[in-house]
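Numbering-wise, my numbering puts 939 at position 34 of the sequence shown, and it's gapless, one number per residue.
For every residue, glycine included, the Cβ atom is placed at its ideal position computed from N, Cα and C.
Below is one structure, written out as structure tokens, with a few remarks after it.
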Amino acid sequence: MCQRATGSAFAVLAWVKWDDVGWHGDTQKSYRSSPIARRSFCGECGTPLTLHYDEASGIETDEVAFHVGTLDHPERVTPDHHYGVESRLPWADCGAGLPEQQTKESWDA
906 MCQRATGSAF
916 AVLAWVKWDD
926 VGWHGDTQKS
936 YRSSPIARRS
946 FCGECGTPLT
956 LHYDEASGIE
966 TDEVAFHVGT
976 LDHPERVTPD
986 HHYGVESRLP
996 WADCGAGLPE
1006 QQTKESWDA
């Protein structure tokens, strides 16, 4: 799903608590990307911004994932695992050695 939603080989996401998030402006738009998740994007330029799972997903619902490339200081975020490795492209080998997890089968959009 990340490949289609971002138009890239993979997404680099940073999870944060909703309570720690502050939005500036009102251009954020969102859509349901699967039965259990919503994604948001900038309504002016289309840049992907966030991913948020619903309670049905079993993931902490008080957190939201930001696309690291949208942060002011993306260099401060260090990946700590790979998720959705079953769709990894054969040439995408960054972060070798990090723990890996496959996407839950029930999460198919």
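* What are the boundary residues of the alpha helix (DSSP H) that ARG894 is part of? -> The chain is shown only over 906 to 1014; residue 894 falls outside these bounds and no answer can be derived.
* To do: For ARG981, name the three-state secondary structure that DSSP assigns.
  => The three-state secondary structure of ARG981, taken from DSSP, is helix.
* If we count the other Cβ atoms within 10 Å of its Cβ and call it buried at 16 or more, is ARG981 buried or exposed? -> So ARG981 counts as exposed.
* Exposure of VAL969, with buried meaning 16 or more beta-carbon neighbours within 10 Å -> Classification of VAL969: buried, given that the 10 Å Cβ count is 16 or more.
* Can you give me the start and stop residues for the beta strand (DSSP E) that VAL969 sits inside? => Going by DSSP, VAL969 is part of the beta strand (DSSP E) stretching over 968-972.
* To do: Work out the CA separation of ASP977 and GLY930 for me, nearest whole Å.
  => Straight through space, the alpha carbons of ASP977 and GLY930 are spaced by roughly 16 Å.
* Other residues of its chain near TRP920: CB distance less than 7 Å, five sequence neighbours each side excluded -> Only GLU968, ALA970 meet the Cβ criterion.
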